[in-house]
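Undergrad: Quick one: the structure is below, questions incoming.
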Amino acid sequence: MSGLELFAAALGVIAVWLTVKQNPWCWPIGLVMVLLYTWIFFDVKLYSDMLLQVIYAALQLYGWWQWTRRGAADSGRAVTSLGGGSLLLSLLAGAVVSAVLGAAMAHFTDAAQPWLDAALTGYSLVAQVWMAQKRVQCWPLWILLDVIFVGLFLYKALYLTAALYALFTLLAVQGWRDWRADPALVR
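Under the numbering used here, residue 744 is the last one in the sequence shown; the count climbs by one each step, no gaps.
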């Protein structure tokens, strides 16, 4: 565990807690966190996770724009639910990204867990886009991914990051409960 990992983990907790509370400050704080984790994952040869953090940086900006673009006259983007077709299409996109990235990492790098890391990356992108769009389905997907991430990070001896993702799991459960109970939820 390094001081950098500790600082990134603290920012991660703050960012996810703010996301659960639908506070748009989750996005700039999350941006700093993902930039720090880019370096941490590079250092332990989790290259797909490293690339994921780079993409997350762009998605942090997208989420911030999505959540704040309607201005002060409106309360911002409402929580919505994906239809079945959109849900399946998004999950299929996650599978394609996972397969392509996994093959690339397995054949062209010394990645520690190329297939698992790529699958977590592909589906994390789906969950992050859903979160930026305030889709209630982001939370159960995050719960599943975070549980798997905990195991991966324990395996790589990133104990603080594993604990962070365990906390993310609990926050995702809370987010799912809160967002489903939101009176503004558009189904």
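Virtual Cβ for every residue (Gly too), placed ideally from N, Cα, C.
Smallest Cα separation from E562: which of L575, W574, W584, F599?
TA: Minimum Cα distance to E562 is reached at F599.
Undergrad: Decide if Y722 is buried, meaning its Cβ has at least 16 other Cβ atoms within 10 Å, or exposed.
TA: Under this definition Y722 is a buried residue.
Undergrad: So V570 is in the alpha helix (DSSP H); what residue range does that whole segment cover?
TA: That run of the alpha helix (DSSP H) goes 560-577.
Undergrad: Report yes if the CB atom of L638 is closer than 8 Å to the CB atom of Q579, and no otherwise.
TA: It is Ser, not Leu, that sits at residue 638 in the sequence shown. It is not a contact, given that the beta carbons lie outside the stated cut-off.
Undergrad: Taking the alpha helix (DSSP H) that W696 falls in, what are its first and last residues?
TA: Counting along the chain, the alpha helix (DSSP H) containing W696 begins and ends at 695-712.
Undergrad: Compare the beta carbon distance of Q690 and Q623 with 8 Å and say whether it is the shorter of the two.
TA: Going by C-beta atoms, Q690 is nearer than 8 Å to Q623.
Undergrad: Check R734 in the structure and name its three-state DSSP category.
TA: It is helical.
Undergrad: Which two residues bound the contiguous alpha helix (DSSP H) that contains Q685?
TA: First-last of the alpha helix (DSSP H) with Q685: 671-689.
Undergrad: With 16 other CB atoms within 10 Å as the buried threshold, where does A630 fall?
TA: Any answer about A630 is weak, because its pLDDT of 43 lies below 50 and its placement is not dependable; what the coordinates show is given next. That one is exposed.
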